[in-house]
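Numbering (full-length UniProt numbering), first residue to last: 1 to 409.
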């Protein structure tokens, strides 16, 4: 293939797999790694693209970057993702402790809530339908990655919830394979206690919007009753990442703050004149540094979060969530020196990052929802193709933030 043939719109193909059925690439200007899929491997590609566009703004939903014709076939470009939930389970010796199963449960319910609120039901969920993110800070998040077999004409919340129940029981008891589990499902008496209640709740009903909140609260309460904390994917990091959660977790809090301050100072020096446009290498450095800064903040927030038993949290100027938002706002302001694709990427990266914090460190959700609302509003202004979806996301998070603020009054 000639160099010119490696380009698909603003993206460049790094490697084709499965006879040009799927590929790996990157955005030529932002260097963001992407996943490429063609109709050679998925005949319903246009349907998948429509679903992803409809679900834009959802936490744990892949971003649709491009859809059109390339090489005389329909082609879709989305986020690059990490290994599937099944692969992570296998790497963990086919064992997830109950605290981790319950954390996964809360995230899966959140994915269903967003999808069902847009009147889309999957119908074919399995451990292979979910994956973890490609960035270090995104590894604790479960992403609904596969929409290949979605049948929009058959809407059933119950079927998806029952599939999630099967996935959770599967992760909790650790059978040799998903196929064997499907062939011989355990009886209700064999299901571990926290999941048994969930199975009973969903057994005879379709869900309405309020029910998802009840289910998330159920899993949150069950999780709080158990000791210990396990992060999905362990403390490993995706290949190619400079920082790992494991290496950062071994550092003292003082060292982490020193590293954070040094990195932010270096970024400030590199940014230069706030009115001057970014050069290619400058943009690449600033984007890479953003991911490193967010990873350090993630470890600090995991370490320094207050007790869940406290209802009110004093958020001073130097409190971590406020300090984080101050630094993220600086990036949002500086992004205006970059091109439109760079601006979109920075806002979207921050949005996804805070979405992870929302699920992994929910004690600060009053503040995370406010940041998500602000980021969705910025993305709405930048993304002409999906502005309606981002408007809906902005209103959703704005309402969530208002409700949480009222509860604390």
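A virtual CB, placed ideally from N, CA and C, is assigned to each residue, including glycine.
Handout entry: Length of the line joining the Cα atoms of residue 142 and residue 326
Key = About 27 Å.
Handout entry: In chain order, each alpha helix (DSSP H) run of at least 4 residues that lies wholly inside the region 28 to 90
Key = Those alpha helix (DSSP H) runs which fall completely within the region 28 to 90 and span 4+ residues are 45 to 54.
Exercise for the section: May I ask you to report which of helix, strand or coil DSSP gives residue 205? Expected result: If DSSP states are grouped into helix, strand and coil, residue 205 belongs with coil.
Handout entry: Assigned secondary structure, residue 271 (DSSP; H/G/I helix, E/B strand, else coil)
Key = The answer is helix: DSSP assigns residue 271 an H, G or I state.
Exercise for the section: Would you kindly work out how many angstroms separate the C-alpha atoms of residue 105 and residue 70, rounded to a whole number? Expected result: Taken atom to atom, the span from the alpha-carbon of residue 105 to that of residue 70 is near 38 Å.
Problem - Beta bridge counterpart(s) of residue 396 as assigned by DSSP - result: Paired residue(s): none; residue 396 is not in a bridge.
Problem - Sub-9 Å separation of residue 137 and residue 396 beta-carbons - result: At a Cβ-Cβ threshold of 9 Å, residue 137 and residue 396 do not count as neighbours.
Practice task
Using 8 Å as the cut-off, classify the Cβ of residue 180 as near or not near the heavy atoms of the ligand GTP, replying yes or no.
Solution key: Within the structure as shown, the ligand GTP is missing, as the structure has no ligands at all.
Exercise for the section: Helix, strand or coil for residue 14, going by three-state DSSP, please let me know. Expected result: In the three-state reduction of the DSSP assignment, residue 14 falls in the strand class.
Exercise for the section: Check whether the Cβ atoms of residue 60 and residue 110 lie closer than 9 Å to each other. Expected result: Contact flag set, yes.
Handout entry: Three-state secondary structure (DSSP) of residue 132
Key = The answer is strand: DSSP assigns residue 132 an E or B state.
Handout entry: Unbroken beta strand (DSSP E) run spanning residue 143, endpoints
Key = Element bounds for residue 143: 142 to 144.
Practice task
Could you say if the region 374 to 392 and the region 51 to 60 meet the contact criterion of at least three C-beta pairs nearer than 8 Å?
Solution key: Short answer: they touch.
Problem - Classification of residue 405 by the beta-carbon crowding that lies within 10 angstroms, buried from 16 upward - result: By the C-beta density criterion, residue 405 is exposed, having fewer than 16 other C-beta atoms within 10 angstroms.
Practice task
Please state whether DSSP places residue 383 in a helix, a strand or coil.
Solution key: Note: residue 383 maps to coil in three-state DSSP.
Exercise for the section: Specify, as a first and last residue, the run of the alpha helix (DSSP H) that residue 325 falls within. Expected result: In this chain, the alpha helix (DSSP H) harbouring residue 325 covers 320 to 334.
Exercise for the section: Give a yes or no on whether the C-beta atoms belonging to residue 209 and residue 170 are separated by under 9 Å. Expected result: Residue 170 sits away from residue 209, with the two beta carbons spaced by 9 Å or more.
Practice task
Using the Cα positions of residue 217 and residue 211, report the straight-line distance between them to the nearest angstrom.
Solution key: A direct Cα-to-Cα measurement between residue 217 and residue 211 gives close to 10 Å.
Problem - Three or more C-beta pairs below 8 Å linking the region 321 to 339 and the region 264 to 274 - result: Yes, they touch.
Handout entry: Beta-carbon contacts of residue 370 that lie in its chain and below 7 Å, excluding the five residues immediately before and after
Key = Closer than 7 Å at Cβ, skipping near neighbours: 401.
Exercise for the section: Report the rounded CA-to-CA distance for residue 248 versus residue 259, giving the unit in angstroms. Expected result: As the crow flies, the alpha-carbon of residue 248 is around 10 Å from that of residue 259.
Handout entry: Cβ contact check for the region 357 to 367 and the region 22 to 33: 3 or more pairs under 8 Å
Key = With the cut-off at 8 Å, the region 357 to 367 and the region 22 to 33 do not touch.
Exercise for the section: Keeping to the same chain, check which residues put their C-beta closer than 7 Å to that of residue 196; ignore five residues upstream and five downstream. Expected result: If we look at residue 196 and ignore the five residues flanking it on each side, its Cβ neighbours are 188.
Problem - Selected residue, minimal CA-CA separation from residue 62, among 133, 92, 41 - result: Of the listed residues, the one whose Cα sits closest to residue 62 is 133.
Practice task
Tell me where the alpha helix (DSSP H) around residue 353 begins and ends.
Solution key: Note, residue 353: alpha helix (DSSP H), 340 to 360.
Exercise for the section: Would you decide whether residue 432 is buried or exposed? Buried here means 16 or more other CB atoms lie within 10 Å of its CB. Expected result: This structure cannot settle anything about residue 432, because the visible part of the chain is limited to 1 through 409.
Handout entry: Same chain, Cβ closer than 7 Å to residue 394, five either side skipped, listed in chain order
Key = If the five residues before and after residue 394 are omitted, its C-beta is found closer than 7 Å to the C-beta atoms of 373, 376, 377, 380, all from its own chain and listed in chain order.
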